[in-house]
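K.L.:
Encoded as structure tokens, here's the structure I'll be asking about.
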């Protein structure tokens with residue numbers, strides 16, 4: 017009988033860092049560069065892991081700069097092997113967390129007096 021894959025669940029997320037800088041009296045270009053950074057698979061306690069995803073957004077004219085760092089908390093029902101853990105935290109965890117960052121950036125920019133930045137949906141699960 018084949019071994020079953022550990023079940024997991026997404027528990028919660030927290031935005032732990034957020035900044036927006038906009039140069040006054042300059043036009044924000046809608047052509048954006050989006051860069052990701054991540055730290056994954058940090059075990060907090062038995063089968064409880066946190067994943068940190070950073071997103072940096074800069075417009076083409078370098079007028080607007082946004083940085084958001086989010087931590088996601090994930091729980092597995094049992095121990096998992098390192099290969100599966102690596103796969104999960106390098107692709108699935110960012111794909112789960114990114115929609116929260118995307119919504120946050122739209123709200124943050126919309127409340128900052130500029131046109132809201134609506135990041136495209138991205139298929140991060142295959143990165």
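Numbering (the numbering used here), first residue to last: 17 to 143.
All C-beta atoms in this analysis are idealised placements derived from N, C-alpha and C, irrespective of residue type, glycine included.
From a predicted model like this one, the values you see are computed outputs, not experimental measurements.
Since residue 52 and residue 79 should fall inside the 8 Å C-beta cutoff, what is the C-beta to C-beta distance between them, to a whole number of angstroms?
P.N.:
Taking the chain shown and counting its residues from 1, the one referred to as residue 52 is at position 36. Taking the chain shown and counting its residues from 1, the one referred to as residue 79 is at position 63. The Cβ separation is near 21 Å, so there is no contact.
K.L.:
Are the segment 77-94 and the segment 23-43 touching, with three or more C-beta to C-beta distances below 8 Å?
P.N.:
yes
K.L.:
Ignoring anything shorter than 3 residues, give me the beta strand (DSSP E) runs that lie fully in the segment 19-45, in order along the chain.
P.N.:
24-38
K.L.:
For residue 73 versus residue 82, is the C-beta spacing smaller than 9 Å?
P.N.:
Locating residue 73 in the chain shown gives position 57, where the first residue counts as 1. Locating residue 82 in the chain shown gives position 66, where the first residue counts as 1. Their beta carbons are under 9 Å apart, which means residue 73 touches residue 82 by this criterion.
K.L.:
Identify which residue in 58, 55, 85 has its Cα closest to the Cα of residue 36.
P.N.:
The residue labelled residue 36 in the question sits at position 20 within the chain shown. When only C-alpha atoms are compared, the closest one is 85.
K.L.:
Grab the span of the beta strand (DSSP E) containing residue 118 for me, first residue to last.
P.N.:
Taking the first residue of the chain shown as 1, we reach residue 118 at position 102. Not the beta strand (DSSP E): residue 118 falls in the alpha helix (DSSP H), residues 109-126.
K.L.:
Would you mind giving the Cβ-Cβ distance between residue 75 and residue 44, rounded to the nearest angstrom? I have them listed as a contact below 8 Å.
P.N.:
Along the chain shown, read from residue 1 onward, the residue named residue 75 stands at position 59. Along the chain shown, read from residue 1 onward, the residue named residue 44 stands at position 28. At roughly 5 Å, the Cβ-Cβ gap stays under 8 Å, so residue 75 and residue 44 are in contact.
K.L.:
With distance defined between alpha-carbon atoms, name the residue in 29, 137, 98 nearest to residue 67.
P.N.:
Start at 1 with the first residue of the chain shown, and residue 67 comes out as number 51. Comparing Cα-Cα distances from residue 67 to each of 29, 137, 98, the minimum goes to 29.
K.L.:
By a C-beta neighbour count over all protein chains shown, 10 Å radius and 16 as the cutoff for buried, is residue 64 buried or exposed?
P.N.:
Within the chain shown, the letter at position 48 stands for residue 64. Exposed, because fewer than 16 other Cβ atoms sit within 10 Å of the Cβ of residue 64.
K.L.:
The alpha helix (DSSP H) that contains residue 101, what's its start and end?
P.N.:
Stepping through the chain shown from its first residue, residue 101 is reached at position 85. Where residue 101 is concerned, the enclosing alpha helix (DSSP H) stretches over 98-103.
K.L.:
Between residue 32 and residue 118, what straight-line distance do the alpha-carbon atoms span, to the nearest angstrom?
P.N.:
Here the question's residue 32 lines up with position 16 in the chain shown. Here the question's residue 118 lines up with position 102 in the chain shown. Looking at the two C-alpha atoms, the distance is approximately 15 Å.
K.L.:
Can you give me the start and stop residues for the beta strand (DSSP E) that residue 94 sits inside?
P.N.:
The residue you call residue 94 lines up with position 78 of the chain shown. First-last for residue 94: undefined, no H or E at that position.
K.L.:
Taking just the CA atoms, how far does residue 27 sit from residue 90?
P.N.:
Within the chain shown, numbered from 1, the residue matching residue 90 stands at position 74. Within the chain shown, numbered from 1, the residue matching residue 27 stands at position 11. Distance between the alpha carbons of residue 90 and residue 27 is about 6 Å.
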